[in-house]
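J.: Structure below; questions to follow.
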Amino acid sequence: MAAIIEDDPEIGSLNAHLNGESSSAIVITPGQAGIEVKNNVLVVMPHFYGRRIYNPYEFLHEFCKRCGIQRRPAGSTEEDHRLRALPFALKGEADTWCMQVPPNSIRKWIDFRSVFLDYFFPATSTNALKKEIQGATQEDEETLSQYWGRLKGMLDACPNNRMTEAEIYNNFYERMTPVCMDLVNSASGEDFSRLRVSEAKRILSRLIDAKKDYDSPRTTILRRVTVNAASEKNLV
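Residue numbering for the sequence shown follows our numbering, starting at 1 and increasing by one per position.
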């Protein structure tokens with residue numbers, strides 16, 4: 001009788017299912033074990049379906065915010081709650097990806113955040129968005145506050161842009177329209193680009209607040225009425 005070698009399985013066994021459930025990527029800690037994710041929590045929990053649908057940074061921010069306000073049993077931390085609730089928040093492509101992450105490889109929130117962003121927001125995406133931020137130029141019909149708001153939105157969408165505040169404000173200034181550039185220089189009393197970051201922030205904030213009032217719908221209508229009235233008077 002031929003000896004049976006342990007590493008010589010039956011051919012048909014290659015198609016057999018493995019015993020037991022597949023191991024999760026997330027290691028269940030004692031702090032997580034006592035946490036029950038209830039239906040009322042799931043209702044308000046943000047979901048992430050994949051890179052083509054949602055910004056992963058926005059998802060992480062909203063998810064952490066929701067987990068931070070949930071009640072936890074004694075001995076459990078906010079990080080425990082995040083990791084315990086995480087499988088319920090990942091759907092579609094994101095859920096498929098999570099099942100492919102090596103078993104027991106996620107022990108802390110930072111472990112998940114790292115592999116999650118590496119996959120759904122790789123360096124190529126960061127570099128592409130950074131180029132857009134650096135090349136953002138004020139449009140002719142765009143107000144100063146609208147231009148700054150658009151740039152802020154781009155920065156929020158790419159937190160890992162690695163740009164210094166000085167670089168951000170300098171790019172913002174250099175790509176203003178000539179009219180707005182004259183405005184900020186006048187408000188600065190000198191070349192805006194020569195200011196310290198703290199002073200540039202203060203002046204820009206004051207200008208934008210003032211321009212918001214000036215560019216409000218009501219003020220715009222009043223200006224148009226005044227201009228039209230003056231034009232009609234000149235024609236008389």
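No residue lacks a Cβ here, since even glycine has one placed at the ideal position from N, Cα and C.
In angstroms with no decimal places, state the Cα-to-Cα distance between residue 184 and residue 192.
T.: Within the sequence shown, residue 184 is the residue found at index 184, counting from 1. Within the sequence shown, residue 192 is the residue found at index 192, counting from 1. Their Cα atoms are separated by approximately 6 Å.
J.: Our contact map puts residue 32 next to residue 86 with C-beta atoms below 8 Å; I'd like the distance itself, whole angstroms only.
T.: If you number the sequence shown from 1, residue 32 lands on position 32. If you number the sequence shown from 1, residue 86 lands on position 86. About 10 Å separates the two Cβ atoms, so there is no contact after all.
J.: Can you pull the DSSP bridge partners for residue 26?
T.: Numbered from 1 along the sequence shown, position 26 holds the residue referred to as residue 26. Answer is 106, bridged to residue 26.
J.: Helix, strand or coil for residue 48, going by three-state DSSP, please let me know.
T.: By one-based count along the sequence shown, residue 48 stands at place 48. In this structure, residue 48 counts as strand in the three-state DSSP scheme.
J.: DSSP state of residue 117, grouped into three classes?
T.: Numbered from its first residue, the sequence shown carries residue 117 at position 117. Three-state DSSP puts residue 117 in a helix.
J.: Report the option in 113, 124, 110 and 188 whose CA atom is closest to the CA atom of residue 207.
T.: Here the question's residue 207 lines up with position 207 in the sequence shown. Closest option to residue 207, Cα to Cα, is 188.
J.: Residue 154 lies in the alpha helix (DSSP H); which residues open and close that run?
T.: Here residue 154 refers to the residue found at position 154 of the sequence shown. Residue 154 -> alpha helix (DSSP H) spans 144-156.
J.: How long is the line joining the alpha carbons of residue 101 and residue 73, rounded to whole angstroms?
T.: Taking the first residue of the sequence shown as position 1, residue 101 is located at position 101. Taking the first residue of the sequence shown as position 1, residue 73 is located at position 73. Using only the alpha carbons, I get a separation of about 28 Å.
J.: May I ask which residues mark the beginning and end of the alpha helix (DSSP H) holding residue 86?
T.: The residue labelled residue 86 in the question sits at position 86 within the sequence shown. Segment 78-89, the alpha helix (DSSP H) holding residue 86.
J.: Under the assumption that residue 94 contacts residue 48 (Cβ atoms under 8 Å), give the Cβ distance between them as a whole number of angstroms.
T.: Here residue 94 refers to the residue found at position 94 of the sequence shown. Here residue 48 refers to the residue found at position 48 of the sequence shown. That belief holds up - the Cβ atoms of residue 94 and residue 48 are roughly 5 Å apart, short of 8 Å.
J.: Beta-carbon separation of residue 133 and residue 161 under 9 Å?
T.: In the sequence shown, the residue the question calls residue 133 occupies position 133. In the sequence shown, the residue the question calls residue 161 occupies position 161. Yes, these two residues count as a Cβ contact at 9 Å.
J.: In whole angstroms, what separates the C-alpha of residue 92 from that of residue 153?
T.: Here residue 92 refers to the residue found at position 92 of the sequence shown. Here residue 153 refers to the residue found at position 153 of the sequence shown. Their backbone Cα atoms lie some 27 Å apart in a straight line.
J.: If I follow the unbroken alpha helix (DSSP H) through residue 189, where does it start and stop?
T.: To locate residue 189, count along the sequence shown from 1; it is residue 189. Segment: none, residue 189 is in no alpha helix (DSSP H) and carries neither H nor E.
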